[in-house]
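Asks: Protein chains in written order, with our numbering: chain A, 64 to 249; chain B, 64 to 249.
The structure is given below, and queries will be raised subsequently.
2 protein chains.
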Amino acid sequence: MGASAKLDRSAILEAAFEVLNQEGLEGLSLRLVAEQLGVQAPALYWHVRNKAELISLMAATFAEASGRAVLAGRTWQDKLILSAQARRQAMLARRDSARVCVMAQPLRSAAEAAPQLTAPLVTAGLTSRQALSYQAAVIAYTVGWVAYEQSQAMHDFLTQLIDFDASFTTGLHAMVRGFGAGESGS
Amino acid sequence: MGASAKLDRSAILEAAFEVLNQEGLEGLSLRLVAEQLGVQAPALYWHVRNKAELISLMAATFAEASGRAVLAGRTWQDKLILSAQARRQAMLARRDSARVCVMAQPLRSAAEAAPQLTAPLVTAGLTSRQALSYQAAVIAYTVGWVAYEQSQAMHDFLTQLIDFDASFTTGLHAMVRGFGAGESGS
DNA sequence: ACCTGAACACCGTTCAAGT
DNA sequence: ACCTGAACACCGTTCAAGT
Chain A
64 MGASAKLDRS
74 AILEAAFEVL
84 NQEGLEGLSL
94 RLVAEQLGVQ
104 APALYWHVRN
114 KAELISLMAA
124 TFAEASGRAV
134 LAGRTWQDKL
144 ILSAQARRQA
154 MLARRDSARV
164 CVMAQPLRSA
174 AEAAPQLTAP
184 LVTAGLTSRQ
194 ALSYQAAVIA
204 YTVGWVAYEQ
214 SQAMHDFLTQ
224 LIDFDASFTT
234 GLHAMVRGFG
244 AGESGS
Chain B
64 MGASAKLDRS
74 AILEAAFEVL
84 NQEGLEGLSL
94 RLVAEQLGVQ
104 APALYWHVRN
114 KAELISLMAA
124 TFAEASGRAV
134 LAGRTWQDKL
144 ILSAQARRQA
154 MLARRDSARV
164 CVMAQPLRSA
174 AEAAPQLTAP
184 LVTAGLTSRQ
194 ALSYQAAVIA
204 YTVGWVAYEQ
214 SQAMHDFLTQ
224 LIDFDASFTT
234 GLHAMVRGFG
244 AGESGS
């Protein structure tokens, strides 16, 4: 509804998540975001290039949560697992977050994002190629998993057959454990 | 452009994929699909409930490709790997297919889809819980991976650093190998 | 049964104009 | 610098009406 504060990127981002939670991605429109802020839709264009950029900013939120967590672990295995768990938790706090991630197009050239993403893993002993490849696999798994988890029909059904937390973690550990096994023989 | 043949679900599906390839998911509209068929947009509603159902039908296409491949393998590990590879190949043949999969909502109640999805794996020795959990993980990984692979900016950059085929396969084998390791100790 | 034409309530985005 | 009002070219969907 009509609001105060001042209009900037972070206020718009917050309002966008509010609309997302209420309406889902289908219902996320700049007009509703503007209304949430007590402002007219074209006003948003002063702070944000277009809707695509807004969605990318929303998606970046989850990458940031993941990026903080990757610092915590000791081994590269721990880092991969912690960053994936953090990403999933951050995503589960928002409706349709997986759809947002998949619709988003990277903000910075991936060329600048990659080093920051992989540096902690390289410090922990991986080559930069391994770090990139493993991170890509873990992120893909996490986003894909949350997509299913957030699909209403899937959720209603699967929730009584499998434990989402446990199954996600099983798959994650399996993958990360498998990375290690790949290096040192069978 | 103006076309002939007769209008039915499969013709609409084909036209939708044509529009998808040309315009991407953002540009996929019922009006363009109708134009592709030489027909007016409301005509589509006789054959398809709405746009959401059309997108779900498109997504089902990839599940079918995967469902055929799962029959081929001998062990459950082989079946998981073959079905994932087939799904990825089918998806890579279409633009924005990962976005389509993530936006789609399941057609049949997941309750009917699940047995068909897991039966071959149960035959190969898994419990139905394991089959469901492992399949979910593998599908999540595959769809998530293709999402990154189809993201233009990601692709342009990563393509010169990692081999998509090899990295996907590495992650897939790692996960499936890890499933086995999870059962029998360490 | 199957399709058209016209309409409704929305979109994202642009742009002159205000302050 | 920052926002409004009005407009443009689109959407998905409904529904009477045609055949």
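We put the CB at the ideal spot given by N, CA and C, even for glycine.
None of the values given here were measured: they were computed from a predicted structure.
Check Phe231(A) in the structure and name its three-state DSSP category.
Replies: Numbered from its first residue, the first sequence carries residue 231(A) at position 168. Helix, per DSSP.
Asks: How is Leu189(A) classed by DSSP in three states: helix, strand or coil?
Replies: As a first step, residue 189(A) must be located in the first sequence, where it is residue number 126. DSSP places Leu189(A) in coil when its eight states are reduced to three.
Asks: How long is the line joining the alpha carbons of Glu86(A) and Lys69(B), rounded to whole angstroms?
Replies: Here residue 86(A) corresponds to residue number 23 of the first sequence, with the count starting at 1. Here residue 69(B) corresponds to residue number 6 of the second sequence, with the count starting at 1. Roughly 37 Å between the two C-alpha positions.
Asks: If you draw a straight line from the C-alpha of Leu107(A) to the C-alpha of Val82(A), how long is it?
Replies: Reading the first sequence from its first residue, position 44 is the one you call residue 107(A). Reading the first sequence from its first residue, position 19 is the one you call residue 82(A). So the two alpha carbons sit approximately 15 Å from each other.
Asks: Could you check whether the segment 191-198 of chain A touches the segment 184-197 of chain B, counting it as contact only if at least three pairs of C-beta atoms, one from each stretch, sit closer than 8 Å?
Replies: No, the segment 191-198 of chain A is not in contact with the segment 184-197 of chain B.
Asks: For Arg150(A) and Gln198(A), I'd like the C-alpha separation in whole angstroms.
Replies: On the first sequence, position 87 is the one that residue 150(A) refers to. On the first sequence, position 135 is the one that residue 198(A) refers to. Taking the straight line joining both Cα atoms gives about 12 Å.
Asks: Please list the terminal residues of the continuous alpha helix (DSSP H) segment that includes Glu98(A).
Replies: As a position in the first sequence, residue 98(A) is number 35, starting the count at 1. It spans 93-99 - the alpha helix (DSSP H) in which Glu98(A) sits, taken as one unbroken run.
Asks: Taking the alpha helix (DSSP H) that Ser160(A) belongs to, which residues open and close that run?
Replies: Here residue 160(A) refers to the residue found at position 97 when the first sequence is read from its first residue. 160-166 is the span of the alpha helix (DSSP H), which, as asked, contains Ser160(A).
Asks: Would you mind giving the Cβ-Cβ distance between Ser214(B) and Pro178(A), rounded to the nearest angstrom? I have them listed as a contact below 8 Å.
Replies: The sequence position of residue 214(B) within the second sequence is 151, counting from 1. The sequence position of residue 178(A) within the first sequence is 115, counting from 1. Ser214(B) to Pro178(A), Cβ: 18 Å. No contact.
Asks: So what's Gly248(A) in DSSP terms, helix, strand or just coil?
Replies: Taking the first residue of the first sequence as position 1, residue 248(A) is located at position 185. Note that Gly248(A) scores 38 on pLDDT, short of 50, meaning its location in the model is unreliable and no value can be drawn from it.
Asks: Given that Phe242(A) touches chain B, what residues does it touch there, using C-beta distances under 7 Å?
Replies: For the purposes of this step, residue 242(A) is identified with residue 179 of the first sequence, where counting begins at 1. Per Cβ cutoff of 7 Å: Ala237.
Asks: Is it buried or exposed, Gly248(B), if we count other Cβ atoms within 10 angstroms and call 16 or more buried?
Replies: Here the question's residue 248(B) lines up with position 185 in the second sequence. Since pLDDT at Gly248(B) reaches only 37, below the 50 mark, its modelled position is unreliable, and no value is offered.
Asks: Kindly list, in the order they appear in chain B, the residues whose Cβ is closer than 7 Å to that of Ala173(A).
Replies: As a working mapping, residue 173(A) is identified with position 110 in the first sequence. Correct list: Ala216, Met217, Phe220, Leu221.
Asks: For a contact meaning CB atoms closer than 8 Å, what does Gly90(B) contact in chain A?
Replies: Taking the first residue of the second sequence as position 1, residue 90(B) is located at position 27. Under the 8 Å cutoff, chain A gives no residues; its nearest Cβ is about 13 Å from Gly90(B).
Asks: Should Asn113(B) be listed as close to the ligand ZN, given that the test is whether its C-beta is under 7 Å from any heavy atom?
Replies: Although the ligand ZN was asked about, the structure shown includes no ligands whatsoever.
Asks: Is it buried or exposed for Ala229(A), if we count other Cβ within 10 angstroms and need 16 for buried?
Replies: Counting from one through the first sequence, the residue named residue 229(A) turns up at place 166. Counting Cβ neighbours within 10 Å, Ala229(A) comes out exposed, since fewer than 16 surround it.
Asks: Just the chain B side, please: which residues come within less than 7 Å of Ser196(A) by C-beta, in chain order?
Replies: Stepping through the first sequence from its first residue, residue 196(A) is reached at position 133. Simply Ile225, Ser230, Thr233.
Asks: Are the beta-carbon atoms belonging to Ser119(A) and Phe220(B) less than 8 Å from one another?
Replies: For this step, residue 119(A) is matched to residue 56 along the first sequence. For this step, residue 220(B) is matched to residue 157 along the second sequence. Going by C-beta atoms, Ser119(A) is not nearer than 8 Å to Phe220(B).
Asks: Span of the alpha helix (DSSP H) holding Lys142(A)?
Replies: By one-based count along the first sequence, residue 142(A) stands at place 79. First-last of the alpha helix (DSSP H) with Lys142(A): 139-155.
Asks: So, is the C-beta of Met154(B) closer than 8 Å to a C-beta in chain A?
Replies: Locating residue 154(B) in the second sequence gives position 91, counting from the first residue. Met154(B) does not count as touching chain A.
Asks: Assign Glu127(A) to buried or exposed, taking buried as 16 or more other Cβ atoms, counted over all protein chains shown, within 10 Å of its Cβ.
Replies: As a position in the first sequence, residue 127(A) is number 64, starting the count at 1. Exposed.
Asks: Flag Gly248(A) as yes if its beta-carbon sits less than 8 Å from any beta-carbon of chain B, otherwise no.
Replies: As a first step, residue 248(A) is located in the first sequence; it is residue number 185 there, counting from the start. Because Gly248(A) sits at a pLDDT of 38, beneath the cut-off of 50, its placement in the model cannot be relied upon, and the following sentence gives the value as read from the coordinates. Output row for Gly248(A): interface = no.
Asks: Return the chain-ordered list of same chain residues with a C-beta closer than 6 Å to the C-beta of Ala153(A), the five sequence neighbours on each side being excluded.
Replies: Against the first sequence, residue 153(A) aligns to sequence position 90. Excluding sequence neighbours, Ala153(A) sits near Phe125, Ala128.
Asks: Is the segment 202-211 of chain A touching the segment 200-209 of chain B, taking contact as three or more C-beta pairs under 8 Å?
Replies: Yes, since at least three Cβ pairs between the segment 202-211 of chain A and the segment 200-209 of chain B fall closer than 8 Å, the two stretches touch.
Asks: Could you compute how far the alpha carbon of Ala115(B) sits from the alpha carbon of Gly136(A)?
Replies: By 1-based counting over the second sequence, the position of residue 115(B) is 52. By 1-based counting over the first sequence, the position of residue 136(A) is 73. Straight-line Cα distance between these residues: approximately 42 Å.
Asks: Using beta-carbon positions only, say whether Arg158(A) and Asn84(A) come within less than 8 Å of one another.
Replies: Taking the first residue of the first sequence as position 1, residue 158(A) is located at position 95. Taking the first residue of the first sequence as position 1, residue 84(A) is located at position 21. Contact: yes.
Asks: Alpha carbon to alpha carbon, what distance is there between Trp109(B) and Thr181(A)?
Replies: Against the first sequence, residue 181(A) aligns to sequence position 118. Against the second sequence, residue 109(B) aligns to sequence position 46. Approximately 51 Å between the Cα atoms of the pair.
Asks: Determine, using beta carbons only, whether Leu43(A) and Ala78(A) come nearer to each other than 8 Å.
Replies: What the structure shows of chain A is the stretch from 64 to 249, and residue 43(A) is not part of that stretch, so it cannot be assessed.
Asks: Quick check on His236(B): buried or exposed, where buried means 16 or more other Cβ atoms within 10 Å of its Cβ?
Replies: Translated into the one-based positions of the second sequence, residue 236(B) becomes position 173. Buried.
Asks: Starting from the Cα of Trp62(A), find the closest Cα among Ser73(A), Pro183(A), Leu88(A), Ile75(A) and give me that residue.
Replies: Since the displayed chain A opens at 64 and closes at 249, residue 62(A) lies outside it and no answer follows.
Asks: Any C-beta of chain A sitting closer than 8 Å to the C-beta of Trp139(B)?
Replies: Taking the second sequence and counting its residues from 1, one reaches residue 139(B) at position 76. No - not a single Cβ of chain A is within 8 Å of the one on Trp139(B).
Asks: Compare the C-beta of Phe178(A) with all C-beta atoms of chain B and state if any pair is closer than 8 Å.
Replies: Here the question's residue 178(A) lines up with position 115 in the first sequence. Checking the sequence, you will find Pro at residue 178(A) rather than Phe. Chain B contact via Cβ: absent.
Asks: Leaving out five residues on either side along the sequence, give the residues of the same chain with a beta carbon under 7 Å from the beta carbon of Met217(A).
Replies: In the first sequence, residue 217(A) corresponds to position 154, counting from 1. Around Met217(A): Tyr211.
Asks: Check Ser214(A) in the structure and name its three-state DSSP category.
Replies: By 1-based counting over the first sequence, the position of residue 214(A) is 151. Here Ser214(A) sits in coil by DSSP.
Asks: Taking the alpha carbon of Leu143(A) as the reference point, which residue from Val185(A), Ala156(A), Leu117(A), Ile75(A) has its own alpha carbon closest?
Replies: Indexing the first sequence from 1 puts residue 143(A) at position 80. Per the Cα distances, Val185(A).
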